[in-house]
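If you use mature numbering (1 follows the signal peptide of the UniProt record, and there is no 0), the sequence shown corresponds to residues -21 to -1, 1 to 110, in order. Beta carbons: idealized from backbone N, C-alpha and C, even for Gly.
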Amino acid sequence: MRRFVPMFLLAAALAPSLALAGRPAVSPAVVAEILERPDAPLLLDVRTPEEFAKGHLPGAVLIPHDQLASRLAELEGKPWVLIYCRSGRRADAAQEVLEHAGIEVRQIEGSWLRWEAEERPVALPAAEAAR
C-alpha cells in the first residue's frame, strides 16, 4: 500500500498538465509568419509587468494572467489569441480562462524560455517608446 501512495500523488500532480498537453500550440518558428497575416491573432503576454519589462515578444500586449478574467473586453475584435508566459504554466491557466469565455486561443510552444533559447527577436519597453 505504501508503494502506491507516492505513485498516486505523482499522478494527481501531473493530471492537469496531461489534460492540457493535447491542446494545439504554435511553434516559435512560425509565430512571425502568423502575425503578418490579415487575420493575425492578438499576441498576449500573461507574465508579470516586471518580466515583460525585461523583454517580450515584439508586438505583444501585456495582461498578467491574474488580471485576465477581469480584462477580457480588451481581447474583443481579434480572430484569436496567441499566448505565452515564462514556461507555459500561467499560459495554461490563461488558456482555460480564455476558452471558458469562448475565445479561440493557442499557446506558443515552450513559451518565453524556448523563444529566448532559440534567440528569437525580443522587444524592450524602452526601445519601443523610442520608436
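Check your understanding: Given 8 Å as the limit, is there contact between the region 43 to 50 and the region 81 to 88, that is, 3 or more CB pairs closer than that?
Key -> No contact exists between the region 43 to 50 and the region 81 to 88.
Check your understanding: How many angstroms separate the CA atom of ARG65 from the CA atom of ALA80?
Key -> 23 Å
Practice item. At 4 residues or longer, and completely inside the region 52 to 90: list those alpha helix (DSSP H) runs for me, N to C. Key: 68 to 79
**Study point:** Nearest neighbour of GLU95, chosen from ILE13, PRO58, LEU21, GLU30 [CA to CA]
**Key:** GLU30
Check your understanding: What whole-angstrom Cβ distance do PRO7 and GLU88 have, given they're in contact under 8 Å?
Key -> The beta-carbon distance between PRO7 and GLU88, rounded to whole angstroms, is 7 Å. This is short enough to meet the 8 Å contact definition.
Review point. Buried or exposed: where does GLU56 fall if 16 or more other Cβ atoms within 10 Å of its Cβ makes it buried?
Key: The sequence shown places Gly at residue 56, rather than the Glu named in the question. GLY56 should be labelled exposed.
Review point. Residues in its own chain within less than 7 Å of MET54 by CB, not counting five upstream and five downstream?
Key: One detail in the question is off: residue 54 reads as Leu in this sequence, not Met. If we look at LEU54 and ignore the five residues flanking it on each side, its Cβ neighbours are LEU21, VAL60, ILE82.
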